[in-house]
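Trainee: If you read the sequence shown in the numbering used here, its first letter stands for residue 16, the second for the next number, and so on.
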Amino acid sequence: MQNLDPAQYQDIVDSLQDGLWVADHEHRIIYANPAMAAIAGIPREQIVGANVLTDFGEETIGNFRHFYMAAVDSGKATKYQCLVVTPAGRQTLQGGWLTPRQKDGKFSGIICTVQDLSQAENAKMLLQASESRFRDLLEAIPCVAVQGYGPDGTTHYWNKASERIYGYSAEEAIGRNLLELIVPADIREHVGRLIRKTYETGRPIPAGELSLLRKDGSPVAVFSSHAYVHVPGQQAEMFCVDIDLTELKRAEQTLRRRESYQRALLDNFPFMVWLKDEQSRFLAVNRAFANAFQWPSPASLVGRNDYDITTPEQAELYRADDQAVMDSGCSRQTEELSGPPEHQYWVETYKSPVIVDGKVTGTVGFARDITARKKVEMELLAAKAEAETANRSKSNFLAAASHDLRQPLSALSLYVGLLKATAPTECVSLVDNIQNCVGSLSELLTDLLDVSKLEAGVVVPKLSDYAIDDLLGSLVALHAAEAEEKGLRLRWRPSKAQVRSDQQLLRRILGNLIANAVRYTRHGGVLIGCRRHQGRCWIEVWDTGIGIPAEKTGVIFEEFTQLGVDPLSRGSGLGLAIVAKIAALLGLEIRLTSRPGRGSMFAIELPDGDAPSSAPALPSVRSNRNLRIALVDDNPQVLRALALTLQSAGHQVVTASDGQSLFEQLNGSAPDILISDYRLGLTESGYDVIQMAKSRFGADLPAFIITGDTDPAIIRSMSGRGIAVHYKPLSMESLQAIINEAVERSPT
16 MQNLDPAQYQ
26 DIVDSLQDGL
36 WVADHEHRII
46 YANPAMAAIA
56 GIPREQIVGA
66 NVLTDFGEET
76 IGNFRHFYMA
86 AVDSGKATKY
96 QCLVVTPAGR
106 QTLQGGWLTP
116 RQKDGKFSGI
126 ICTVQDLSQA
136 ENAKMLLQAS
146 ESRFRDLLEA
156 IPCVAVQGYG
166 PDGTTHYWNK
176 ASERIYGYSA
186 EEAIGRNLLE
196 LIVPADIREH
206 VGRLIRKTYE
216 TGRPIPAGEL
226 SLLRKDGSPV
236 AVFSSHAYVH
246 VPGQQAEMFC
256 VDIDLTELKR
266 AEQTLRRRES
276 YQRALLDNFP
286 FMVWLKDEQS
296 RFLAVNRAFA
306 NAFQWPSPAS
316 LVGRNDYDIT
326 TPEQAELYRA
336 DDQAVMDSGC
346 SRQTEELSGP
356 PEHQYWVETY
366 KSPVIVDGKV
376 TGTVGFARDI
386 TARKKVEMEL
396 LAAKAEAETA
406 NRSKSNFLAA
416 ASHDLRQPLS
426 ALSLYVGLLK
436 ATAPTECVSL
446 VDNIQNCVGS
456 LSELLTDLLD
466 VSKLEAGVVV
476 PKLSDYAIDD
486 LLGSLVALHA
496 AEAEEKGLRL
506 RWRPSKAQVR
516 SDQQLLRRIL
526 GNLIANAVRY
536 TRHGGVLIGC
546 RRHQGRCWIE
556 VWDTGIGIPA
566 EKTGVIFEEF
576 TQLGVDPLSR
586 GSGLGLAIVA
596 KIAALLGLEI
606 RLTSRPGRGS
616 MFAIELPDGD
626 APSSAPALPS
636 VRSNRNLRIA
646 LVDDNPQVLR
656 ALALTLQSAG
666 HQVVTASDGQ
676 SLFEQLNGSA
686 PDILISDYRL
696 GLTESGYDVI
706 QMAKSRFGAD
716 LPAFIITGDT
726 DPAIIRSMSG
736 RGIAVHYKPL
746 SMESLQAIIN
756 EAVERSPT
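(1) Of the choices Leu332, Ser295, Thr326 and Met341, whose alpha-carbon is the least far from that of Arg319?
(2) At 4 residues or longer, and completely inside the segment 645-673: list those alpha helix (DSSP H) runs for me, N to C.
(3) Tell me the DSSP secondary structure of Asp321 in three-state form.
(4) Where does the unbroken beta strand (DSSP E) through Lys366 begin, and where does it stop?
(5) Since Ala532 and Gly560 are thought to touch, with beta carbons under 8 Å apart, how far apart are those beta carbons, to the nearest angstrom?
(6) According to DSSP, is Ile258 helix, strand or coil?
(7) For Thr536 and Ile385, what's the separation of their Cα atoms in angstroms?
(8) Using only CA atoms, which one of Thr698, Thr660, Glu699 and Arg643 lies nearest to Ser684?
(9) From Asp167 to Ala251, what distance separates their C-alpha atoms?
(10) Taking Trp36 and Ala47 to be in contact with their CB atoms under 8 Å, please state how far apart those CB atoms are, rounded to whole angstroms.
(11) Would you give the residue range spanned by the alpha helix (DSSP H) that Thr216 belongs to?
(12) Does the distance from the CB of Asn66 to the CB of Cys97 come in under 8 Å?
(13) Indicate the three-state DSSP secondary structure (helix, strand or coil) for Arg546 in the structure shown.
(14) Please report the distance separating the alpha-carbon of Glu119 from that of Tyr95.
(15) When you compare each of Lys389, Glu699 and Asn650 to Gln359 by their alpha carbons, which one comes out closest?
(16) Return the residue from the list Gly217, Asp257, Glu262 and Thr261 that minimises the CA-CA distance to Val244.
(17) Pick helix, strand or coil for Thr69, following the three-state DSSP scheme.
(18) Taking DSSP as the reference, what is the three-state secondary structure of Val379?
(19) Examine the Cβ distances between the segment 225-245 and the segment 270-287 and report whether three or more of them are shorter than 8 Å.
(20) Indicate whether Thr169 and Gly190 have their beta-carbon atoms separated by less than 8 Å.
(21) Lys118 by DSSP, collapsed to three states: which one?
(22) Would you list the residues sitting across from Ile44 in a DSSP beta bridge?
(23) If we count the other Cβ atoms within 10 Å of its Cβ and call it buried at 16 or more, is Leu621 buried or exposed?
(24) Is the segment 639-659 in contact with the segment 684-702, if contact means three or more CB pairs nearer than 8 Å?
(25) Answer with buried or exposed for Gln309, where buried requires no fewer than 16 other C-beta atoms within 10 angstroms of its C-beta.
(26) Taking just the CA atoms, how far does Phe286 sit from Arg203?
(27) In whole angstroms, what is the alpha-carbon distance linking Ala752 and Val669?
(28) In terms of residues, what are the limits of the alpha helix (DSSP H) holding Leu193?
(29) Can you tell me whether Lys743 is buried or exposed? The criterion is at least 16 other CB atoms within 10 Å of its CB, across all chains shown.
(30) Should the segment 480-500 be called in touch with the segment 510-522, which here means at least 3 C-beta pairs below 8 Å?
(31) Tell me where the alpha helix (DSSP H) around Lys709 begins and ends.
(32) Could you tell me which residues DSSP pairs with Asp484 in its beta bridges?
(33) Quick test of your reading: Thr660 and Leu434, contact by CB under 8 Å. State the CB separation rounded to the nearest angstrom.
(34) With distances taken Cα to Cα, identify the nearest neighbour of Glu679 among Ala305, Val475 and Val704.
(35) At the level of alpha carbons, what is the spacing between Phe719 and Thr440?
(36) Got a sec? Which residues, its chain only, sit under 6 Å from Ser133 by beta carbon, not counting five neighbours each side?
Dropping the structure here:
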């Protein structure tokens, strides 16, 4: 150093990495190297000339003053380390030496070296914090057990998770051999060799699943991995990191059990089940599906598609069907005939889209053989068709029988009317008996006609509001004579109820119920009344008759159904069938309660009606007048009876068996009214005659048809043509009333 010139000395000082400054005896800085300027954060020009004790502020010099003054006072080199806020405002940890200088035994200045210890101290602190956080993390993770141990297996670290998983506290585990604590005896020696090899080579034991032991000797499944840590200058360490797999194993076991249940469930379904992805590849199928397509197992179909199990044509159809289900997002059901011609069978298929998180990811479906069901359905359809054919045959037979019976009955009824008008007094009773017999037969035919009308659907209800008492009173008066003859009390309880219904159809319902009650009651009586029940109006017909067994209440409303009663009191077997059909037409509910030997109660519900604001005006009817009547019927007996009846009433009658004969006799002169039978021959009907007459004599010519035909098809046809139709047999009074009504309606 003695051979150095001042310039070289200056270069050496300026190149120092540590800061250096020199102060004189007045504590004024006379030199600062570049490193000092970098530490202070200000140019050297601002440092040189500044007073150490007064020019840098309390924050900068406060902690440093103690060390500075100690060096000045002692005259000895003094080491220091303290927090200093630099003139640039940065807080730093600084350290170095303060070396005082003396001249002639007096303080002449001081040399100070400065090291910025902040970065090193921060790194040390960060390392300590990192280690602390790492240890805290190891202690806080509940499912990750960490053990540290040496080459011989002696444990030196045991975290909280290890305590929980293995049951040993840290105090119990640390210092003991890890192999004896948790490693099963059968692998203990092998694990020991692996630990020693890791310490020798630095390569950790491969990770994997292990079954280790708890303190109580029970096994615990873990995923075990190992870390070998060797910090230079320190002793190497080995750590074992174990993750408890108990819950995972339990979940896997539960999942496998659930999958086995689901597989057993699917494989025991009697129909095929499958699951496909978006490309129609099979993700899962059941055994029935594999068997149907002759594959060895359900698993062998996973990943395959329809082209692997069926013909290309059929596979294309399946793929298109899958795509349609996925595009629509809706389920689809089909029934199709499948299999070769020699062994065809019916298959019912259901498909639905599989939607995950709002996105269609495939399809799920099942199919089953419905051949047996389709066979039953076809048999039922055949049976239904056969029953409908039989029913039509029955209706046709009844219509034909009714027509053939009505023709002579119509003549008989008219002849009885003529006979009664001319019979001597001693024969009146005999004529009355004949008339009663004709009336009974007429009632049977009327029932057949009513059934035919209801089956034909031509009955249109005409609803109106009226007092129920008016209807009940007239019905009781009508049946009073029959009840009195049998020694029965026929009573009714007056009511102020107003109802809304078709009056004529309701009269038919109640008339049938009252007639049945009188017919099947031998002792006691019949009571009719109207009362409210649960806010609704009901008309009830009570009797003390034979009653109805419980097992028969469901069939008595069927046609031609009668119970085993006295043949003398039997009816047509159609009365209650007509009641049921009319009630259904009107939308009315019927209730029945009965006790065999004690009697029955029939009740029918009626809607409430409004009281009429005023009494309806009665139609004016002119007295009978002699008319010129054109009469057409191809049955000579009926034609003669009708002619005699009308002639006895003073009318002029022109008779004919067909239209041509009629128009020849009329000779261009219009009659006052035209009456024709419906069936006149193979090619002509009463409509034909009426249409020809109206075209010749004017559309206003009064005309109507009388017929004994009850075929529902014919009834519907006649209803749609707008010409009045009346049914045989007709009494003389009824026929005269119909004629009067038709003539009165005519504008001429």
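Beta carbons: idealized from backbone N, C-alpha and C, even for Gly. Predicted, not measured: the structure shown is a model, and the values here were computed from it.
Mentor: With the given structure in hand:
(1) Ser295
(2) 651-663
(3) helix
(4) Tyr360 to Val371
(5) Confirmed, Cβ separation roughly 7 Å.
(6) strand
(7) 54 Å
(8) With distances taken between Cα atoms, Ser684 lies closest to Arg643.
(9) When rounded, the distance between both Cα atoms is 13 Å.
(10) 4 Å
(11) Ala200 to Thr216
(12) no
(13) strand
(14) Note on residue identity: the sequence assigns Asp, not Glu, to residue 119. Approximately 27 Å between the Cα atoms of the pair.
(15) Lys389
(16) Gly217
(17) coil
(18) Note: Val379 maps to strand in three-state DSSP.
(19) no
(20) yes
(21) Reduced to three states, the DSSP call for Lys118 is strand.
(22) Ala38
(23) buried
(24) yes
(25) exposed
(26) The alpha-carbon atoms of Arg203 and Phe286 are separated by roughly 54 Å.
(27) 19 Å
(28) Where Leu193 is concerned, the enclosing alpha helix (DSSP H) stretches over Leu193 to Ile197.
(29) buried
(30) yes
(31) Gly701 to Phe712
(32) According to DSSP, which records beta bridges pairwise, Asp484 is partnered with nothing at all.
(33) Separation of the CB atoms of Thr660 and Leu434 is rounded to 11 Å, and the pair is thereby denied contact status at 8 Å.
(34) Closest option to Glu679, Cα to Cα, is Val704.
(35) 36 Å
(36) Thr107 and Leu108
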